[in-house]
Amino acid sequence: MHRSAPRLSRILACAAVPVMLVVAGCSSDSGGKDKKDSSASSSSSAEPSAKKSEASVAPAKFAALPDPCKSIAKKTVTSLVPYAKSKSGTAANSSDMSYRAGCSWNGLADKGVHGSQYRWLDVGFTRFDSDQALGSGAERAQQDYAKQVAKAKAAEGAKKVAEGPVSGIGEQATKITYDLTKTSEDFKYATIVARTENVVVTLTYNGAGYAGAKTPSDDDILKGAEKAAKEAVASVASVATPAAADTKPDAPGKSAEPSKSAKTS
Numbered sequence: 229m230h231r232s233a234p235r236l237s238r239i240l241a242c243a244a245v246p247v248m249l250v251v252a253g254c255s256s257d258s259g260g261k262d263k264k265d266s267s268a269s270s271s272s273s274a275e276p277s278a279k280k281s282e283a284s285v286a287p288a289k290f291a292a293l294p295d296p297c298k299s300i301a302k303k304t305v306t307s308l309v310p311y312a313k314s315k316s317g318t319a320a321n322s323s324d325m326s327y328r329a330g331c332s333w334n335g336l337a338d339k340g341v342h343g344s345q346y347r348w349l350d351v352g353f354t355r356f357d358s359d360q361a362l363g364s365g366a367e368r369a370q371q372d373y374a375k376q377v378a379k380a381k382a383a384e385g386a387k388k389v390a391e392g393p394v395s396g397i398g399e400q401a402t403k404i405t406y407d408l409t410k411t412s413e414d415f416k417y418a419t420i421v422a423r424t425e426n427v428v429v430t431l432t433y434n435g436a437g438y439a440g441a442k443t444p445s446d447d448d449i450l451k452g453a454e455k456a457a458k459e460a461v462a463s464v465a466s467v468a469t470p471a472a473a474d475t476k477p478d479a480p481g482k483s484a485e486p487s488k489s490a491k492t493s
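See below:
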């Protein structure tokens, strides 16, 4: 009897071992799975919920252009081109006048044996929309502004070309003056290139004396050009429609350069 009691205790102890191991094993498996799930959940929450959107360009300020033939006061036109063939001006051809527009006036004051005075005035407007790929309307206009200045300076046959800044006309403006001989006469030219927000204004005024008449002075031609250019630039703000703040910058068919207007002389 004394021997059987210890033996029974040993048997019961051994029988309990597998149960303890199973419990421990289950406990270990459960803990590993929870830890794995927790890690996966943490990793998932760390991932960005959405891709960062690209910064949109600023919308263009002006969504239209003024009537080019009304952009310069009739009084100014009369003083600069006193014998204009058409006081209302001749509009340049354009496939879309909300992007590119122009107007010109020219006339000859025939004084018989005392000679004649010829004057020519031209104004052109080019507007740029904002485009996600190409930049804001103002940035695109600034690029075109530089191109127009370079174009005026490179006029074929131009002599004594001079360039300088002009204050009080748009955000920025440049004057280009030069002499040019054509039809056997000496012409004086003045071109003002100006930018107001997303619109570029290019105005040219020139004149010559025919049949022995005196050639106009550089100063008179330049002053006339500056006066007309100031009025043309002001007309953009007073007549053109401001663009809506939510206007889509990449509207179909309007992200490319506007079509060219008819060539003027």
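Residue numbers (the numbering used here): 229 to 493. Cβ atoms here follow ideal geometry from the backbone N, Cα and C, with glycine treated the same way. Because the structure is a prediction, the values reported are computed rather than measured.
If one requires a minimum length of 4 residues, the alpha helix (DSSP H) runs lying completely within the segment 358-394 are 365-381, in chain order.
Under the 10 Å beta carbon count, Thr411 is surrounded by fewer than 16 other beta carbons and is classified as exposed. Assigned with DSSP and collapsed to three states, Ile397 falls in coil, not helix or strand. From the listed residues Ala462, Ala283, Lys451 and Ile449, the smallest Cα separation to Gly363 is found for Ala283. Counting C-beta pairs with one atom in each stretch, the segment 297-311 and the segment 325-345 have three or more that are closer than 8 Å, which means they touch. For Val428, the enclosing beta strand (DSSP E) covers residues Val427 to Tyr438. Taken in chain order, the complete beta strand (DSSP E) segments of 3 residues or longer contained in the segment 307-355 are 328-338 and 344-355. In this structure, the alpha-carbon of Val427 lies about 24 Å from that of Lys303. Taking C-alpha positions only, Phe353 is separated from Ala457 by approximately 11 Å. In this structure, the alpha-carbon of Ala291 lies about 20 Å from that of Asn321. The straight-line gap separating the alpha-carbon atoms of Lys442 and Ala436 is approximately 8 Å. Checking the DSSP bridge columns, you'll see Lys416 partnered with Asp407 and Gly435. By the criterion of a C-beta distance shorter than 6 Å, Leu349 is surrounded in its chain by Leu308, Val309, Trp333 and Tyr433, once the five residues flanking it on both sides are discounted. About 5 Å separates the CB atoms of Ala288 and Ser358; that is less than 8 Å, so the two are in contact. When secondary structure is reduced to three states using DSSP, Thr424 falls in the strand class. Selection Ala301, Leu293 and Tyr346 evaluated against Glu413 yields Tyr346 as nearest (Cα-Cα). Note on Gln376: 16 or more other CB atoms within 10 angstroms of its CB, so buried under the neighbour-count rule. Sixteen is the threshold: since fewer than 16 other Cβ atoms of the shown chains lie within 10 Å of the Cβ of Gly385, the residue is exposed. Within its own chain, the residues whose Cβ lies closer than 6 Å to the Cβ of Gln400, once the five positions on either side in sequence are excluded, are Arg423, listed in chain order. Under the three-state reduction of DSSP output, Thr402 falls in the strand class.
When the Cα atoms are used, Gly398 and Asp407 turn out to be separated by approximately 26 Å.
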